[in-house]
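One structure below.
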Amino acid sequence: MTTSEVTVAAAPAAGSATADIDNGSTDPKASGFWRPSAAERPTPYIEVDEARLARNMRAMQQRATAAGVSMFPHVKTHKSVHIARQQLALGARGITASKPSEALVFAEAGIPSIILAYPIVKAQSLDRLLPAVKARGTELRTIAASGTGVDALAEAARHHGVEIGVFLKVDVGLGRVGLKPHDPAALELCARIAAADGLRFAGLLSHAGHSYAAASPQSLAKVALDEAADLAGLAGRLRDRGIAVECLSVGATPTCLGAPLPSEVDCIRPGNYVFLDGTALRLGICTADDLALSVVARVVASNDTHFIIDAGSKSMSSDRGAHGMGGAGFGTVVSAEDDGETGSWTLERLSEEHGFVPFSGRPLALGSRVRVFPNHSCASIANFDHFTLRHANGEAKVLPVDARSCQT
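Residue numbers for the sequence shown follow my numbering, so the first one is 2 and each next one is one higher.
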């Protein structure tokens with residue numbers, strides 16, 4: 002098991018992972034999928050390789066430090082206080098969370114600064130989070146993309162007697178939440194944030210989620226450069242109007258790991274980089290040896306075309322990749338036993354409790370265990386209450402997925 006740092010330049014070209022998931026065609030030991038025998042636990046369960054997890058976290062923090070940007074990693078990927086504390090120990094300034102209830106878990110755990118990257122449109126949505134933030138002195142910043150959102154945040158800030166930093170959410174291409182960078186309404190909304198009692202204009206924030214559909218390293222780099230240029234251009238127009246812009250924040254693992262960090266950016270918010278997955282492999286921003294998370298499952302049946310494992314959509318999720326931009330199947334399957342099996346397969350389809358793996362003439366024995374490296378690790382760990390952290394010496398520790406089921 003290697004402990005060397007991730008080197009982005011050594012990652013395979015985009016699309017090169019296809020051979021790694023061609024059923025039965027690849028030796029996992031040669032391709033990087035091979036791991037020691039899985040820990041003995043009831044299946045299915047999530048196993049995280051501690052050495053690879055630590056290596057991935059160090060590598061991204063080193064990229065941020067070298068570029069002079071602050072790290073606010075997105076905890077929706079792991080939902081773990083234990084991992085968040087490791088990220089802070091490595092140099093992260095705080096964390097990014099998806100929902101108020103998720104942010105609450107980390108505020109109560111003592112995380113000093115939180116970006117809530119979710120559009121609040123009702124003041125009552127913050128009634129549990131803001132008292133915890135106030136009691137602990139946590140710095141809270143969130144986003145707004147509408148006048149309704151600004152009014153709701155101002156109402157919540159006044160009601161709880163706190164100051165909330167508010168970013169304008171800028172849509173740089175995903176088409177989900179935010180104002181377009183050249184929309185005249187963006188300037189007016191920033192002015193409205195800056196003038197609102199209880200709010201502080203924190204700057205501009207974007208998520209280039211469309212980078213998950215990049216077809217080449219060059220197109221991935223263009224997404225990152227265009228995103229930075231859009232934010233910098235809008236920031237310049239705001240400053241011309243006398244509105245100070247303290248931070249430009251971007252966040253997506255493909256752009257943060259697979260392209261140089263633009264000089265215009267002040268803060269990055271990658272999430273998936275801690276585990277990585279089949280989508281990262283497809284994009285060419287990592288190798289199979291960097292994958293830190295797998296779902297350990299058991300072969301429970303077989304027929305003339307497939308062997309069946311006890312991990313279906315309620316374990317893997319039915320998500321083929323971030324924003325639905327996935328590759329073939331739902332993950333790569335290899336043996337989790339020290340049985341000499343050197344093949345790999347694709348998890349082809351799912352029912353709720355079962356996964357279907359075409360065996361190409363090589364079925365595994367009933368009762369044997371497999372590892373599934375999912376196409377989307379964030380969606381997989383969210384299905385479990387606990388995960389198993391596997392140490393290099395073979396020992397394993399079970400830890401909670403602290404912010405699981407945080408839906409509000």
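C-beta atoms are modelled at their ideal positions from N, C-alpha and C, and glycine is treated no differently. Computed from a predicted structure; not experimentally measured.
(message) Measuring only the C-alpha atoms, how far is THR256 from GLY174?
(response) Taking the first residue of the sequence shown as 1, we reach residue 256 at position 255. Taking the first residue of the sequence shown as 1, we reach residue 174 at position 173. Approximately 13 Å, taken between the alpha carbons.
(request) Could you tell me whether the Cβ atoms of LEU348 and VAL358 are closer together than 8 Å? (result) Counting from 1 along the sequence shown, the entry for residue 348 is found at position 347. Counting from 1 along the sequence shown, the entry for residue 358 is found at position 357. The answer is yes: Cβ separation under 8 Å.
(request) Locate the beta strand (DSSP E) running through PRO375, then write down its first and last residues. (result) Here residue 375 refers to the residue found at position 374 of the sequence shown. 370-375 is the span of the beta strand (DSSP E), which, as asked, contains PRO375.
(message) According to DSSP, is VAL106 part of a helix, a strand, or is it coil?
(response) To locate residue 106, count along the sequence shown from 1; it is residue 105. It is helical.
(request) Could you round the C-beta distance between GLN62 and ALA93 to whole angstroms and report it? I think they count as a contact, below 8 Å. (result) Walking along the sequence shown from the start, residue 62 turns up at place 61. Walking along the sequence shown from the start, residue 93 turns up at place 92. Contact holds; Cβ gap of about 7 Å.
(request) Would you check if the distance between the CB atom of HIS208 and the CB atom of ALA236 is smaller than 8 Å? (result) Along the sequence shown, read from residue 1 onward, the residue named residue 208 stands at position 207. Along the sequence shown, read from residue 1 onward, the residue named residue 236 stands at position 235. Remark: C-beta atoms of HIS208 and ALA236 do not approach each other more closely than 8 Å.
(request) Could you round the C-beta distance between CYS38 and GLU338 to whole angstroms and report it? I think they count as a contact, below 8 Å. (result) In the sequence shown, residue 38 corresponds to position 37, counting from 1. In the sequence shown, residue 338 corresponds to position 337, counting from 1. The residue asked about is misnamed: residue 38 is Ser in this sequence, not Cys. GLU338 and SER38 do touch by the CB rule: their CB atoms are close to 6 Å apart, below 8 Å.
(request) Work out the CA separation of ARG363 and THR409 for me, nearest whole Å. (result) Locating residue 409 in the sequence shown gives position 408, where the first residue counts as 1. Locating residue 363 in the sequence shown gives position 362, where the first residue counts as 1. Approximately 45 Å, taken between the alpha carbons.
(request) Using DSSP bridges, identify the partner residues of LEU390. (result) By 1-based counting over the sequence shown, the position of residue 390 is 389. Bridge partners of LEU390: VAL49 and LYS398.
(message) Measuring CB atoms only, is the stretch 65-85 touching the stretch 266-274, in the sense that at least three cross pairs come out at less than 8 Å?
(response) Output reads yes: the stretch 266-274 touches the stretch 65-85.
(message) Let me make sure I understand the geometry here. Which of ALA40, ALA222 and VAL178 has the alpha-carbon closest to that of GLY285?
(response) The residue labelled residue 285 in the question sits at position 284 within the sequence shown. Closest in alpha carbon position to GLY285, among ALA40, ALA222 and VAL178, is ALA222.
(request) Compare the beta carbon distance of ILE244 and ALA195 with 8 Å and say whether it is the shorter of the two. (result) For the purposes of this step, residue 244 is taken as the residue at position 243 of the sequence shown. For the purposes of this step, residue 195 is taken as the residue at position 194 of the sequence shown. Contact: yes.
(message) My assumption, with CB atoms under 8 Å, is that TYR46 sits in contact with PHE374. Please give the rounded CB distance.
(response) Looking up residue 46 in the sequence shown gives position 45. Looking up residue 374 in the sequence shown gives position 373. A Cβ-Cβ distance of about 14 Å is found for the pair TYR46 and PHE374, leaving them out of contact under the 8 Å criterion.
(request) Measure how close the beta-carbons of GLY148 and ARG193 come, nearest whole angstrom, since I'm counting them as under 8 Å. (result) Translated into the one-based positions of the sequence shown, residue 148 becomes position 147. Translated into the one-based positions of the sequence shown, residue 193 becomes position 192. The Cβ separation is near 6 Å, so the contact holds.
(message) At the level of alpha carbons, what is the spacing between TYR119 and ARG405?
(response) For this step, residue 119 is matched to residue 118 along the sequence shown. For this step, residue 405 is matched to residue 404 along the sequence shown. The alpha-carbon of TYR119 is positioned some 17 Å away from that of ARG405.
(request) Following the continuous alpha helix (DSSP H) through HIS160, name the residue where it begins and the one where it ends. (result) If you number the sequence shown from 1, residue 160 lands on position 159. It spans 148-161 - the alpha helix (DSSP H) in which HIS160 sits, taken as one unbroken run.
(request) Go through its chain and collect everything with a Cβ distance to GLU140's Cβ below 6 Å, but skip five positions before and after it. (result) As a working note, residue 140 is residue 139 in the sequence shown. Only SER114 meet the Cβ criterion.
(message) Can you find the residues in the same chain that come closer than 7 Å, C-beta to C-beta, to THR19, ignoring five residues on each side of it along the sequence?
(response) As a working mapping, residue 19 is identified with position 18 in the sequence shown. Confidence is the limiting factor: at THR19 the pLDDT is only 35, short of 50, which leaves the residue's position unreliable and the question unanswerable from this model.
(message) Suppose the cutoff is 7 Å on Cβ atoms and the five residues either side in sequence are ignored; what does the same chain contact list for GLY234 look like?
(response) If you number the sequence shown from 1, residue 234 lands on position 233. Here the set comprises PRO182.
(request) For PRO43, count neighbouring C-beta atoms within 10 Å of its own C-beta (all shown protein chains included) and say buried if the count is 16 or more, exposed if not. (result) Here residue 43 refers to the residue found at position 42 when the sequence shown is read from its first residue. In the assembly as shown, PRO43 is an exposed residue. Its beta-carbon has fewer than 16 other beta-carbons within 10 Å.
(message) Please return the same chain residues whose Cβ sits closer than 6 Å to the Cβ of HIS355, not counting the five positions on each side in sequence.
(response) Looking up residue 355 in the sequence shown gives position 354. Excluding positions up to five away in sequence, the list reads ILE309 and GLY313.
(request) Please classify ALA404: does DSSP put it in a helix, a strand, or coil? (result) Mapped onto the sequence shown, residue 404 falls at position 403. Coil.
(message) Can you tell me whether THR97 is helix, strand or coil according to DSSP?
(response) Taking the sequence shown and counting its residues from 1, the one referred to as residue 97 is at position 96. In this structure, THR97 counts as strand in the three-state DSSP scheme.
(message) Applying the 10 Å Cβ sphere with the 16-neighbour rule, what's the burial state of LEU154?
(response) Residue mapping note: residue 154 aligns to position 153 of the sequence shown, counting from 1. It counts as buried.
(request) Work out the CA separation of GLY395 and THR389 for me, nearest whole Å. (result) Position 388 of the sequence shown holds residue 389. Position 394 of the sequence shown holds residue 395. Across the structure, THR389 and GLY395 are spaced so that their CA atoms are roughly 11 Å apart.
(request) Measure the C-alpha to C-alpha separation of VAL275 and ALA329 and round it to an integer number of angstroms. (result) Translated into positions along the sequence shown, residue 275 becomes position 274. Translated into positions along the sequence shown, residue 329 becomes position 328. CA-to-CA, the gap between VAL275 and ALA329 works out to about 22 Å.
(message) Which residues does DSSP list as the beta-bridge partners of TRP346?
(response) Position 345 of the sequence shown, counting from 1, holds the residue named residue 346. Per DSSP, VAL334.
(request) Could you name the residues that DSSP lists as bridge partners for CYS248? (result) Sequence index remark: in the sequence shown, residue 248 carries index 247 (1-based). Residue pairing for CYS248: DSSP places it in no beta bridge.
(message) Among GLY33, ALA40 and PHE34, whose alpha-carbon lies nearest the alpha-carbon of ARG370?
(response) As a working note, residue 370 is residue 369 in the sequence shown. Ranking GLY33, ALA40 and PHE34 by CA distance to the CA of ARG370 puts ALA40 first.
(message) Check this for me: beta carbons of ILE84 and GLY95, under 8 Å apart or not?
(response) In the sequence shown, the residue the question calls residue 84 occupies position 83. In the sequence shown, the residue the question calls residue 95 occupies position 94. No, they are not a contact pair.
(message) My output table needs one value for SER81: the three-state DSSP class, helix, strand or coil.
(response) As a working mapping, residue 81 is identified with position 80 in the sequence shown. Here SER81 sits in coil by DSSP.
(request) Give me the Cα-Cα distance between LEU105 and LEU258, rounded to the nearest whole angstrom. (result) As a first step, residue 105 must be located in the sequence shown, where it is residue number 104. As a first step, residue 258 must be located in the sequence shown, where it is residue number 257. Roughly 28 Å separates the two Cα atoms.
(message) On the CB-based measure, 16 or more other CB atoms within 10 Å of its CB, does GLN219 come out buried or exposed?
(response) Translated into the one-based positions of the sequence shown, residue 219 becomes position 218. By the 10 Å Cβ count, GLN219 comes out exposed.
(message) Only counting the same chain, and skipping five residues up and downstream in sequence, which positions put a Cβ closer than 7 Å to that of GLY368?
(response) Indexing the sequence shown from 1 puts residue 368 at position 367. Once the five neighbours on either side are set aside, the close Cβ partners of GLY368 are ARG299 and VAL300.
(message) Given a cut-off of 8 Å on the beta-carbon distance, is the pair THR333 and PHE34 in contact?
(response) If you number the sequence shown from 1, residue 333 lands on position 332. If you number the sequence shown from 1, residue 34 lands on position 33. Their beta carbons are under 8 Å apart, which means THR333 touches PHE34 by this criterion.
(request) Find the nearest neighbour of LEU127 within the set ILE165, ALA90, ALA146 and LEU91, judged by alpha-carbon distance. (result) By 1-based counting over the sequence shown, the position of residue 127 is 126. Of ILE165, ALA90, ALA146 and LEU91, the residue nearest in Cα terms is ILE165.
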